[in-house]
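K.L.:
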Amino acid sequence: MTGKATLIMVIGFSFIFIVVGYLWGNVATRSAENHISYYKNTIARNIAVSGANLALNQVIRDSNWVSDISDRPFENGEMTVTITPLGPPIRILESVGTFMGAEQKVRIKLQRGTRIFAEYAWFIPSVSTGSLNRPWITGDTVFGAFHTNQFLLVDGNPVFTGHVSTLKGLKDVSKTGPSNPQFLGGYEGGIDVSWNSEMSFPEYAADADAGVALGGTCKFQNTNVWLTFNDNGTVTYRTYNKTGDDSSKFSAPVTRSLSEMAPTGVIYAKGGNLFISGTLDGSVTIISEGSSGGGNGNVTLVGDLVYKVDPMISNGNGGYMPNPACDDLMGVIATNNIIIATSQLSGGKANNVDNPDIHIDAGLFAVKGGMQVQDLGTAPANKPLGSIYLQGSMTAGKEEIVAQFNGTTITAGYNRHVIFDSRFSVAPPSWYTYTYYYSVISWLE
Amino acid sequence: MGAAVILDVIGSTIIGGLLLLILFRTNDNITMNTYNFSGEVTLQENLVATIEVLEFDFRKIGYCENPLALPDPETDAILYADTSEIIFLTDITGPDLAPGDGTLDTMRYRLGPTSELTGTPNPNDRLLYREVNGVGQGVNLGVTYFKIRYFRDSLTSSGSTTLAEILDLPKTHTFGTPTGITAMQIDIKVENTATYGNPDDNPYRHAFWRQIRLSSRNLRR
Chain A
34 MTGKATLIMV IGFSFIFIVV GYLWGNVATR SAENHISYYK NTIARNIAVS
84 GANLALNQVI RDSNWVSDIS DRPFENGEMT VTITPLGPPI RILESVGTFM
134 GAEQKVRIKL QRGTRIFAEY AWFIPSVSTG SLNRPWITGD TVFGAFHTNQ
184 FLLVDGNPVF TGHVSTLKGL KDVSKTGPSN PQFLGGYEGG IDVSWNSEMS
234 FPEYAADADA GVALGGTCKF QNTNVWLTFN DNGTVTYRTY NKTGDDSSKF
284 SAPVTRSLSE MAPTGVIYAK GGNLFISGTL DGSVTIISEG SSGGGNGNVT
334 LVGDLVYKVD PMISNGNGGY MPNPACDDLM GVIATNNIII ATSQLSGGKA
384 NNVDNPDIHI DAGLFAVKGG MQVQDLGTAP ANKPLGSIYL QGSMTAGKEE
434 IVAQFNGTTI TAGYNRHVIF DSRFSVAPPS WYTYTYYYSV ISWLE
Chain B
1012 MGAAVILDVI GSTIIGGLLL LILFRTNDNI TMNTYNFSGE VTLQENLVAT
1062 IEVLEFDFRK IGYCENPLAL PDPETDAILY ADTSEIIFLT DITGPDLAPG
1112 DGTLDTMRYR LGPTSELTGT PNPNDRLLYR EVNGVGQGVN LGVTYFKIRY
1162 FRDSLTSSGS TTLAEILDLP KTHTFGTPTG ITAMQIDIKV ENTATYGNPD
1212 DNPYRHAFWR QIRLSSRNLR R
C-alpha cells in the first residue's frame, strides 16, 4: 500500500511539474519570439533603408540610372530596389528589405532638378568676374538661402536671414569703415555649386510650338513683345518689331485668357525683348531668348509684376511662410538681363521712379546677365527709388548694379528686399530650367 | 487498537499534513511564478507593441504624399515639442505602407497623469494618448515613463557633424521658424498594472526601452 501511494504521489508531482514546466517554457518562448520579431523587423527595415541610400547615391549621381539591385545579399538579408522610369519630373524609388521572413519597405519620392535653381533666394552660380564691385549694401535684406560662386561683396550692413555660402569668400569693399553683414542663418565659405555642367534647358521653342498647335499665341520671333498680366486671368499683348521701348509704337493690344494664350504654360520670344508687368492669376513661364550682347534676350519690368494672391505671408515671428491660398506661379527666364525700366516712353518712369519701389513675384533667371536698373545714375534714375521687393528667387550669371551709393546712403537706385518663395523648391513653375539632378521630396518608411 | 496503530495514525496525519502544506506552498509558488512570468511576457509584448507604433508614427514626421502641402518639413513639421508630449504634421498612410492621401494630418502623443488610472493597483501607470486630428484615446499598456529628448545637428571642431541636445527648446513652434530638431531620443518604461500579492514582497515587473536616435528622414532631407 505504502509503495503504491508513493508511486502515485511521485507520478502526480511529476505530472504537475511537467505541465507547469511546459507552460513556463511557452512563456519563455513567447518572450523570445517577441524580441526576435522586433529584431527581425528592425534589421529588415535597416536593410531597406540601406538599399534606398545605395540607390539614392546612384540616382543622384546619374539621373538615368536604372536599378540593378535585385535580391542583393546584405547583412544576412536581401534588398531589392525598384525605381520608376526616367521621364516625368517625379520618380518613385522603392526599397524592400527582407530578413528571416520579415519584410520592410521604404518609399521615396524624387523630384528632378530644382535643387540648384530654385532653392536659393539669390543665386550667382557663375565665377564671372562681372560680379565684382557690385556689393550688397545697408538696407538690403534676403530671406532665404544665398549662394555665389564668386566673392560676396558687402559694403555696410546687409542682412541675410538664411544660410549664406560662397565659393571664394567674403570681401568688404567699404571705404567708410568696416562692414558688418548680418548672417542670421550662418555662413560657409569654399562651397562650390557647379554651374552649367548639369543644367538643361527645356526645348522652349518646341514647347511653344505645341502651345501654338493648341491655338495659343505663345511664340514670338524677331519682335519685341509687351505683356500685361491682368488679375482676371487674362494677358494683354502687343508687338513691335523695331528697336526701342516706346510703348506707344507697339501694336494694338490683344487680350486672351492665359490658358488660351499659353496652353502649355510657356510664352516664348526669340530675337526680341519682353516688356512685362501686371498681376498674374495662374501659372506661366516666360522666356526671352537672344544672342549674347544684350541687344535682345532681355526682360524689362515696366512696372510691378505680382501674383493675384500674395505668395508669402508673415509667420508672426519676423519671417515668412508660403501663403496656402496662393496658387499663382511665374518663371521669368532671360538669356541676358532682367531690367527695371525707368524711361518715360516705356512707362517705367511713372511706375518705377515717380512711384517708388517695385514689387516682383516670380522666379527670375538671367542666364548670362543679371538684374539691373535702366540708365542708373542718369535722370530720372538718379535718385533713391525705394526697394525691389522680390518674392520668389533670383538666379543670375553675375551680379549687376541696382544701386549707387555714397557711404551707407543710396544716391540712386534700389535696395533689395528678397523673400524666397519656398514653394519653388518642391514645385517650380512649369518649364522652369532643370538640372538633371534628383532630390528627395518625400520619404516614407 | 494497539498503541502502535495509534502511533501509525498520528504519524500518518503529521506526514500527510506536511505533504499538504508542501502542496499548498508549491501551488502558491507556481501560481505566483506563472503570474509573474506571464505578466512579464505581457509587459514585454506591450512594450514592443508600443514602440512599434511609436516608431511607425515618428518615422513619418513631416511625411506628406503631396510635398506641396508641406514644403519645409525641416521647419514646419513639429508644432509642439515637450518632454512628454509632441505634436507633429504627417500624412496618415494605409496598410502595407500605402501612400497617404496627400492631406496633412496632425498627430499628437502625450502621457496622461497618474490620476486617470486609479482603478489599477499600480499607482504609477498612465494612459498614453495617440490622437490624430484631435481624435483619439489613451491606451493603458502600463506606461509609467515616457520622455523625449530633442537633438539638432551640430558641427564639431573638426568640421564633422554630430548631434547636440537642444536644451532651450521652445515648446510651441511658430510656423516657418526652424525648430532645428533632427533627431529624438525616446525613453519608455512600462510596468505591470497589477502584481501578485503585496507589491512590497513582489514588486511590479517593469521593462525599459530607449531609442537612442530616432530620426525621420523628412526632418533632414
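Quick mapping for you: the protein sequence lines, in order, are chains A and B.
The working numbering puts the first residue of the first sequence at 34, with every later residue one more than the last.
The working numbering puts the first residue of the second sequence at 1012, with every later residue one more than the last.
All C-beta atoms in this analysis are idealised placements derived from N, C-alpha and C, irrespective of residue type, glycine included.
Along chain A, which residues have their Cβ under 8 angstroms away from the Cβ of THR1052/B?
P.N.:
The count along the second sequence starts at 1 and reaches residue 1052/B at position 41. The residue asked about is misnamed: residue 1052/B is Val in this sequence, not Thr. VAL60, ARG63, SER64 and ASN67, listed in chain order.
K.L.:
So, is the C-beta of THR1117/B closer than 8 angstroms to a C-beta in chain A?
P.N.:
By 1-based counting over the second sequence, the position of residue 1117/B is 106. So, not an interface residue.
K.L.:
Report the rounded CA-to-CA distance for PHE156/A versus GLN424/A, giving the unit in angstroms.
P.N.:
The residue you call residue 156/A lines up with position 123 of the first sequence. The residue you call residue 424/A lines up with position 391 of the first sequence. If you take the alpha carbons of PHE156/A and GLN424/A, they lie about 14 angstroms apart.
K.L.:
Got a sec: is the Cβ-Cβ distance from LEU1079/B to anything in chain A below 8 angstroms?
P.N.:
The residue you call residue 1079/B lines up with position 68 of the second sequence. Output row for LEU1079/B: interface = yes.
K.L.:
Since VAL332/A and TYR237/A are thought to touch, with beta carbons under 8 angstroms apart, how far apart are those beta carbons, to the nearest angstrom?
P.N.:
Here residue 332/A refers to the residue found at position 299 of the first sequence. Here residue 237/A refers to the residue found at position 204 of the first sequence. Contact doesn't hold; Cβ gap of about 14 angstroms is too wide.
K.L.:
In this structure, does DSSP put ILE149/A in helix, strand or coil?
P.N.:
The residue given as residue 149/A occupies position 116 in the first sequence. With a pLDDT of only 47 at ILE149/A, under 50, the local geometry of the prediction cannot be trusted, and the value read off the model is given with reservation. In the structure shown, ILE149/A sits in coil (DSSP, three-state: anything other than H, G, I, E or B).
K.L.:
Against GLU1076/B, what residues of chain A qualify as contacts under a CB-to-CB distance less than 7 angstroms, listed in chain order?
P.N.:
Here residue 1076/B is taken as the residue at index 65 of the second sequence, counted from 1. By Cβ distance, chain A contributes SER475.
K.L.:
Taking the DSSP output, what are the residues bridged to SER347/A?
P.N.:
Within the first sequence, residue 347/A is the residue found at index 314, counting from 1. Its beta-bridge partners are TYR353/A.
K.L.:
Where does ILE224/A sit, in a helix, a strand or coil, going by DSSP?
P.N.:
As a working note, residue 224/A is residue 191 in the first sequence. Coil.
K.L.:
Below 8 angstroms between beta carbons: does that hold for SER375/A and ASN385/A?
P.N.:
On the first sequence, residue 375/A is found 342 positions in, with the first residue counted as 1. On the first sequence, residue 385/A is found 352 positions in, with the first residue counted as 1. What sits at residue 375/A in the sequence shown is Thr, not Ser. The answer is yes: Cβ separation under 8 angstroms.
K.L.:
Got a sec: is the Cβ-Cβ distance from LEU56/A to anything in chain B below 8 angstroms?
P.N.:
Walking along the first sequence from the start, residue 56/A turns up at place 23. So, interface residue.
K.L.:
Kindly indicate if chain B contains any beta-carbon less than 8 angstroms away from that of SER128/A.
P.N.:
Counting from one through the first sequence, the residue named residue 128/A turns up at place 95. So no, SER128/A is outside the interface.
K.L.:
Go to ASN448/A, then tell me how far its beta strand (DSSP E) extends in each direction, as first and last residue.
P.N.:
Along the first sequence, read from residue 1 onward, the residue named residue 448/A stands at position 415. Taken as a continuous stretch (DSSP letters only), the beta strand (DSSP E) holding ASN448/A covers 442-453.
K.L.:
For MET42/A, is the classification buried or exposed, using 16 other Cβ atoms within 10 angstroms of its Cβ as the cut-off for buried?
P.N.:
Reading the first sequence from its first residue, position 9 is the one you call residue 42/A. Exposed, because fewer than 16 other Cβ atoms sit within 10 Å of the Cβ of MET42/A.
K.L.:
What's the gap between the Cα of ILE1025/B and the Cα of PRO1214/B?
P.N.:
Working through the second sequence from its first residue, we reach residue 1025/B at position 14. Working through the second sequence from its first residue, we reach residue 1214/B at position 203. Distance between the alpha carbons of ILE1025/B and PRO1214/B is about 35 angstroms.
K.L.:
To be precise: take each residue of the segment 67-91 of chain A, compare its Cβ to all Cβ atoms of chain B, and keep it if any distance is under 8 angstroms. Which residues remain?
P.N.:
Hits within the stretch, in order: ASN67, HIS68, SER70, TYR71 and ASN74.
K.L.:
Taking 8 angstroms as the threshold, find out whether the segment 254-274 of chain A comes into contact with the segment 312-330 of chain A through three or more Cβ pairs.
P.N.:
Yes, they touch.
K.L.:
Is the number of C-beta pairs between the segment 1034-1047 of chain B and the segment 1138-1151 of chain B that are closer than 8 angstroms three or more?
P.N.:
The segment 1034-1047 of chain B vs the segment 1138-1151 of chain B: no contact.
K.L.:
Whose C-beta lies closer than 7 angstroms to the C-beta of ALA88/A among residues of the same chain, with five residues either side of it excluded?
P.N.:
By 1-based counting over the first sequence, the position of residue 88/A is 55. These residues qualify, in order along the chain: SER100, ILE102, VAL114, ILE116, LEU126 and SER128.
K.L.:
Could you round the C-beta distance between ILE474/A and LYS142/A to whole angstroms and report it? I think they count as a contact, below 8 angstroms.
P.N.:
Numbered from 1 along the first sequence, position 441 holds the residue referred to as residue 474/A. Numbered from 1 along the first sequence, position 109 holds the residue referred to as residue 142/A. Rounded, the Cβ-Cβ distance is 5 angstroms, consistent with contact.
K.L.:
What number of angstroms, rounded off, separates the C-alpha of LYS204/A from the C-alpha of ILE366/A?
P.N.:
In the first sequence, counting from the first residue as 1, residue 204/A sits at position 171. In the first sequence, counting from the first residue as 1, residue 366/A sits at position 333. Looking at the two C-alpha atoms, the distance is approximately 29 angstroms.
K.L.:
ALA1175/B and ARG1160/B look like a contact to me (Cβ under 8 angstroms); what is the Cβ gap, rounded to whole Å?
P.N.:
On the second sequence, residue 1175/B is found 164 positions in, with the first residue counted as 1. On the second sequence, residue 1160/B is found 149 positions in, with the first residue counted as 1. Not really, about 11 angstroms apart at Cβ, beyond 8 angstroms.
K.L.:
Starting from the beta carbon of PRO355/A, find every residue of chain B whose beta carbon is closer than 7 angstroms, and list them in chain order.
P.N.:
In the first sequence, residue 355/A corresponds to position 322, counting from 1. PRO1082, listed in chain order.
K.L.:
What number of angstroms, rounded off, separates the C-alpha of GLY430/A from the C-alpha of GLU1066/B?
P.N.:
Stepping through the first sequence from its first residue, residue 430/A is reached at position 397. Stepping through the second sequence from its first residue, residue 1066/B is reached at position 55. Distance between the alpha carbons of GLY430/A and GLU1066/B: 46 angstroms.
K.L.:
Using 8 angstroms as the limit for Cβ to Cβ distance, is PHE132/A near chain B?
P.N.:
Here the question's residue 132/A lines up with position 99 in the first sequence. Cβ-Cβ to chain B under 8 angstroms: no for PHE132/A.
K.L.:
To test your reading of the DSSP string, which unbroken beta strand (DSSP E) runs of 3 or more residues are found completely within the segment 1040-1097 of chain B?
P.N.:
If we require 3 residues or more, the beta strand (DSSP E) runs fully inside the segment 1040-1097 of chain B come out as 1089-1093.
K.L.:
Near THR1125/B, which residues of its chain fall below 8 angstroms by C-beta distance, leaving aside the five closest residues on each side in sequence?
P.N.:
By one-based count along the second sequence, residue 1125/B stands at place 114. Correct list, in chain order: PRO1134, ASN1135, ASP1136 and ARG1137.
K.L.:
Establish whether the CB of GLU108/A and some CB of chain B are separated by less than 8 angstroms.
P.N.:
Stepping through the first sequence from its first residue, residue 108/A is reached at position 75. It does not; no Cβ of chain B falls within 8 angstroms.
K.L.:
So which residues of chain A does GLN1055/B contact, with C-beta pairs closer than 8 angstroms?
P.N.:
Position 44 of the second sequence, counted from the first residue, corresponds to residue 1055/B. By Cβ distance, chain A contributes SER64, ASN67 and HIS68.
K.L.:
Considering only the beta carbon of each residue, do TYR471/A and ARG145/A sit closer than 8 angstroms?
P.N.:
On the first sequence, residue 471/A is found 438 positions in, with the first residue counted as 1. On the first sequence, residue 145/A is found 112 positions in, with the first residue counted as 1. Their beta carbons are under 8 angstroms apart, which means TYR471/A touches ARG145/A by this criterion.
K.L.:
Do we get a CB-CB distance below 8 angstroms when we pair SER198/A with the residues of chain B?
P.N.:
For the purposes of this step, residue 198/A is taken as the residue at position 165 of the first sequence. With 8 angstroms as the cut-off, SER198/A does not count as an interface residue toward chain B.
K.L.:
Assuming VAL245/A is part of the beta strand (DSSP E), what are its boundary residues?
P.N.:
Translated into the one-based positions of the first sequence, residue 245/A becomes position 212. Run containing VAL245/A: none in the beta strand (DSSP E); it sits in the alpha helix (DSSP H), 237-246.
K.L.:
Consult DSSP for THR62/A and reduce its assignment to one of helix, strand or coil.
P.N.:
If you number the first sequence from 1, residue 62/A lands on position 29. DSSP places THR62/A in helix when its eight states are reduced to three.
K.L.:
Go through its chain and collect everything with a Cβ distance to PHE193/A's Cβ below 6 angstroms, but skip five positions before and after it.
P.N.:
Here residue 193/A refers to the residue found at position 160 of the first sequence. Closer than 6 angstroms at the Cβ level, and outside the excluded window around PHE193/A, lie VAL175, PHE179 and PHE216.
K.L.:
Listed from N- to C-terminal order along the chain, which residues in the segment 1128-1161 of chain B have their beta-carbon within a distance smaller than 9 angstroms of any beta-carbon of chain A?
P.N.:
From the segment 1128-1161 of chain B, no residue has a Cβ closer than 9 angstroms to chain A.
K.L.:
Give me the residue from ARG1036/B, ILE1041/B and ARG1224/B with the minimum Cα distance to ALA1194/B.
P.N.:
One-based indexing of the second sequence puts residue 1194/B at position 183. Of the listed residues, the one whose Cα sits closest to ALA1194/B is ARG1224/B.
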